[in-house]
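S.K.: Residue numbers for the sequence shown follow full-length UniProt numbering, so the first one is 1 and each next one is one higher. The C-beta atom is built at its ideal place from N, Cα and C for all residues, glycine as well. Shown below is the structure under consideration.
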Amino acid sequence: MRSFLFIVLILISIMMEAKIRKPAVAGSFYADDAKELRQDVRDCFSQCKNPVMEHVQAVIVPHAGYVFSGVTAASAFAAIHPEAEYEHIFLLGPSHHVYLGKASINEGASAYATPLGEVAVDTALCRDLMAKSDAFTYVPAAHESEHCLEVELPFLQYHMKKMPPIVPIIIATQELSTLKEIASCLKPYLNERNLFVISSDFSHYPAYMDAKLVDGLTKDSIMTGKTEAFVNATLHNQELNIGNLATSACGMAPIATLLMMTEKNAGIHPHHIMYCNSGDSPYGGKDKVVGYHSFVFTTQAASFELTQDDKKMLKSIAYHTIEASLEGKKYEPSGLSYMLKTHCGAFVSLHKKGRLRGCIGHFGEDMPLYQTVVQMAKAAAFEDPRFYGVTLDELDDIDIEISVLTPMKRIHSIDEFQLGKQGIFMRKGYHTGTFLPQVADEVAWSKEEFLGHCAQDKAGIGWDGWKTAELYTYEAIVF
Numbered sequence: 001m002r003s004f005l006f007i008v009l010i011l012i013s014i015m016m017e018a019k020i021r022k023p024a025v026a027g028s029f030y031a032d033d034a035k036e037l038r039q040d041v042r043d044c045f046s047q048c049k050n051p052v053m054e055h056v057q058a059v060i061v062p063h064a065g066y067v068f069s070g071v072t073a074a075s076a077f078a079a080i081h082p083e084a085e086y087e088h089i090f091l092l093g094p095s096h097h098v099y100l101g102k103a104s105i106n107e108g109a110s111a112y113a114t115p116l117g118e119v120a121v122d123t124a125l126c127r128d129l130m131a132k133s134d135a136f137t138y139v140p141a142a143h144e145s146e147h148c149l150e151v152e153l154p155f156l157q158y159h160m161k162k163m164p165p166i167v168p169i170i171i172a173t174q175e176l177s178t179l180k181e182i183a184s185c186l187k188p189y190l191n192e193r194n195l196f197v198i199s200s201d202f203s204h205y206p207a208y209m210d211a212k213l214v215d216g217l218t219k220d221s222i223m224t225g226k227t228e229a230f231v232n233a234t235l236h237n238q239e240l241n242i243g244n245l246a247t248s249a250c251g252m253a254p255i256a257t258l259l260m261m262t263e264k265n266a267g268i269h270p271h272h273i274m275y276c277n278s279g280d281s282p283y284g285g286k287d288k289v290v291g292y293h294s295f296v297f298t299t300q301a302a303s304f305e306l307t308q309d310d311k312k313m314l315k316s317i318a319y320h321t322i323e324a325s326l327e328g329k330k331y332e333p334s335g336l337s338y339m340l341k342t343h344c345g346a347f348v349s350l351h352k353k354g355r356l357r358g359c360i361g362h363f364g365e366d367m368p369l370y371q372t373v374v375q376m377a378k379a380a381a382f383e384d385p386r387f388y389g390v391t392l393d394e395l396d397d398i399d400i401e402i403s404v405l406t407p408m409k410r411i412h413s414i415d416e417f418q419l420g421k422q423g424i425f426m427r428k429g430y431h432t433g434t435f436l437p438q439v440a441d442e443v444a445w446s447k448e449e450f451l452g453h454c455a456q457d458k459a460g461i462g463w464d465g466w467k468t469a470e471l472y473t474y475e476a477i478v479f
């Protein structure tokens, strides 16, 4: 009986071992010794000078040997806070070995092994995705020898304090309709709880300077955030008749999939972090090279800055909105930057000869900033009950002031609230109230008094109501 149980335990052990996906390129793309690998990765991160960024939702990173693209890959991972706690990391890469006409999810592996240890696979989530769409399948051959996901893991293992389970996806098609279906299934997971790692190298095999040209064009297309611009750029590059150019991006499919998920979300913005090509490495030549970019995609809550052009555009939008309304015409703003499409509140104030002529604002984040300015410009000009409507004759005498309220950020301690710099918004049930940042300049209240007055006078929830309310901070950009 004991012998039988012993054999059963051995078989179970073998079955469990078989579910561990062994490294395919340890010892070639990166060191197969744990100590040496850790030092190599540490050296890559030590050369990264870019800062940590908040609210990182996706990165695009290269997947070549570390001596060629290791620092570029590390530069994107370095932008992620080491203590960020993601629920899952979705790894998307292209197939270098098989064509399937769809994506293969590795639900057959319980973990991926590297010299730095094992990383768990969320097999249940893998199966859920496969059940949702025929665009997903599981083909072991798509994963067994594939390097594009594997090479990203040591960077994550080294950098992340808490390594969540992964969802490994090899996209073995470039059919746009299939990519759209894949993106549709994955989009619900594109949020602050998850990280998407998109694995791709860029130009393959042109000469050094040709690679810089092609990779620059591809980079610009990705920075638009538009799938069509990216796909068209890859097609245009092929029409340039550059010698030895095999592709502009081997990861065209996963990059396009990411852009399909992000392009209608004005709150997600791409940042280009670093570029190099294999000709920059002492191990590479200049005649035929491979290009490497790194990108980071963040939500706009991470940083909200309006350029001078943005401010001029918003004032122009307000003016032309009022003018068009007075002339019975329709005005449609164009040439909008990504920041003007961010969902946030704004106030529009009108002054004539130094005196207020109308002021209306909107705190909600239910529409893009430029639309908020359109609506508030109309309201300030024609709906402020304190004044009669602005006329066409006086329009040129009107000075327009806009106060943009940056996207609100939930706080859990008043230590996070900066009195005088930030405004406060509180919500308790159906009761809400706010004080703009400049209110602090008009009174001599402490932080607790500021919150108490807002709770009592604005939200109507009593002096101490803020202590049990949801608190949000924001800033006002006035111009």
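With DSSP as the reference, label residue 293 as helix, strand or coil.
M.R.: The sequence position of residue 293 within the sequence shown is 293, counting from 1. Three-state DSSP puts residue 293 in a strand.
S.K.: Compare the Cα-Cα distances from residue 169 to each of 26, 388 and 104 and report the closest residue.
M.R.: Position 169 of the sequence shown, counted from the start, is the residue given in the question as residue 169. Nearest option by C-alpha distance: 104.
S.K.: By a C-beta neighbour count over all protein chains shown, 10 Å radius and 16 as the cutoff for buried, is residue 135 buried or exposed?
M.R.: Your numbering for residue 135 matches position 135 in the sequence shown. Per the 10 Å Cβ criterion, buried.
S.K.: Which class does residue 30 belong to by DSSP, given the choice of helix, strand or coil?
M.R.: Taking the first residue of the sequence shown as 1, we reach residue 30 at position 30. In this structure, residue 30 counts as strand in the three-state DSSP scheme.
S.K.: Out of 184, 245 and 226, state which residue places its alpha-carbon closest to the alpha-carbon of residue 213.
M.R.: One-based indexing of the sequence shown puts residue 213 at position 213. That would be 245, whose Cα lies nearest to the Cα of residue 213.
S.K.: Would you identify the three-state DSSP class for residue 274, choosing helix, strand or coil?
M.R.: By 1-based counting over the sequence shown, the position of residue 274 is 274. Looking at residue 274 - three-state DSSP - the assignment turns out to be strand.
S.K.: Could you work out which residue in 91, 85 and 165 is closest to residue 481 when comparing CA atoms only?
M.R.: The structure shown does not extend to residue 481, since the chain is modelled only from 1 through 479, so no value can be given for it.
S.K.: By how many angstroms is the C-alpha of residue 219 removed from the C-alpha of residue 116?
M.R.: Here the question's residue 116 lines up with position 116 in the sequence shown. Here the question's residue 219 lines up with position 219 in the sequence shown. Cα to Cα, the separation comes out at about 32 Å.
S.K.: Starting from residue 90, trace the beta strand (DSSP E) both ways and give me its first and last residue.
M.R.: Taking the sequence shown and counting its residues from 1, one reaches residue 90 at position 90. Counting along the chain, the beta strand (DSSP E) containing residue 90 begins and ends at 88–94.
S.K.: Use the C-beta contact count for residue 355: other C-beta atoms within 10 angstroms, 16 or more gives buried, fewer gives exposed.
M.R.: Taking the sequence shown and counting its residues from 1, the one referred to as residue 355 is at position 355. Its Cβ having fewer than 16 others within 10 Å, residue 355 is exposed.
S.K.: Three-state secondary structure (DSSP) at residue 428?
M.R.: As a position in the sequence shown, residue 428 is number 428, starting the count at 1. Residue 428: strand per DSSP, three-state reduction.
S.K.: Taking C-alpha atoms, which residue in 368, 229, 323 and 314 lies nearest to residue 345?
M.R.: Residue mapping note: residue 345 aligns to position 345 of the sequence shown, counting from 1. The residue with the shortest Cα to Cα distance from residue 345 is 368.
S.K.: Using 8 Å as the Cβ pair cut-off and three pairs as the minimum, do the region 385–396 and the region 410–423 touch?
M.R.: With a cut-off of 8 Å, the region 410–423 and the region 385–396 do not count as touching, because too few Cβ pairs lie within range.
S.K.: Does DSSP classify residue 104 as helix, strand or coil?
M.R.: On the sequence shown, residue 104 is found 104 positions in, with the first residue counted as 1. Strand.
S.K.: Can you give the Cα-Cα distance for residue 40 and residue 30, rounded to whole angstroms?
M.R.: Within the sequence shown, numbered from 1, the residue matching residue 40 stands at position 40. Within the sequence shown, numbered from 1, the residue matching residue 30 stands at position 30. Those two C-alpha atoms are separated by around 8 Å.
S.K.: Whole-angstrom Cβ separation of residue 433 and residue 458, contact assumed at under 8 Å?
M.R.: Looking up residue 433 in the sequence shown gives position 433. Looking up residue 458 in the sequence shown gives position 458. Confirmed, about 3 Å.
S.K.: Who pairs with residue 180 in a beta bridge, going by DSSP?
M.R.: What you label residue 180 is simply residue 180 of the sequence shown in a count that begins at 1. Answer by DSSP bridge pairing: none, since residue 180 is not bridged.
S.K.: Check each candidate in 129, 398 and 108 and name the one with the smallest Cα separation from residue 353.
M.R.: In the sequence shown, the residue the question calls residue 353 occupies position 353. Selected option, being the one with the closest Cα: 398.
S.K.: Can you tell me whether DSSP reads residue 81 as helix, strand or coil?
M.R.: What you label residue 81 is simply residue 81 of the sequence shown in a count that begins at 1. Residue 81 falls in the coil class under three-state DSSP.
S.K.: Rounded to whole angstroms, what is the Cα-Cα separation between residue 456 and residue 407?
M.R.: Translated into the one-based positions of the sequence shown, residue 456 becomes position 456. Translated into the one-based positions of the sequence shown, residue 407 becomes position 407. Those two C-alpha atoms are separated by around 24 Å.
S.K.: Apart from the five residues just before and just after residue 301, which ones in its own chain have a Cβ nearer than 8 Å to its Cβ?
M.R.: The count along the sequence shown starts at 1 and reaches residue 301 at position 301. Only weak support is given to the placement of residue 301: the predicted model assigns it a pLDDT of 49, under 50, and the question is left unresolved by the model.
S.K.: Sorted by chain position, which residues of the same chain lie with C-beta nearer than 8 Å to residue 122's C-beta, five sequence neighbours on each side aside?
M.R.: Position 122 of the sequence shown, counted from the first residue, corresponds to residue 122. These residues qualify, in order along the chain: 88, 165, 166 and 167.
S.K.: Are there three or more Cβ pairs, one per stretch, closer than 8 Å when the region 315–330 is compared with the region 281–289?
M.R.: Judged by Cβ distances under 8 Å, the region 315–330 makes no contact with the region 281–289, as fewer than three pairs qualify.
S.K.: Under the three-state reduction of DSSP, which class applies to residue 57: helix, strand or coil?
M.R.: Residue 57 sits at position 57 when you count from the first residue of the sequence shown. Residue 57 falls in the strand class under three-state DSSP.
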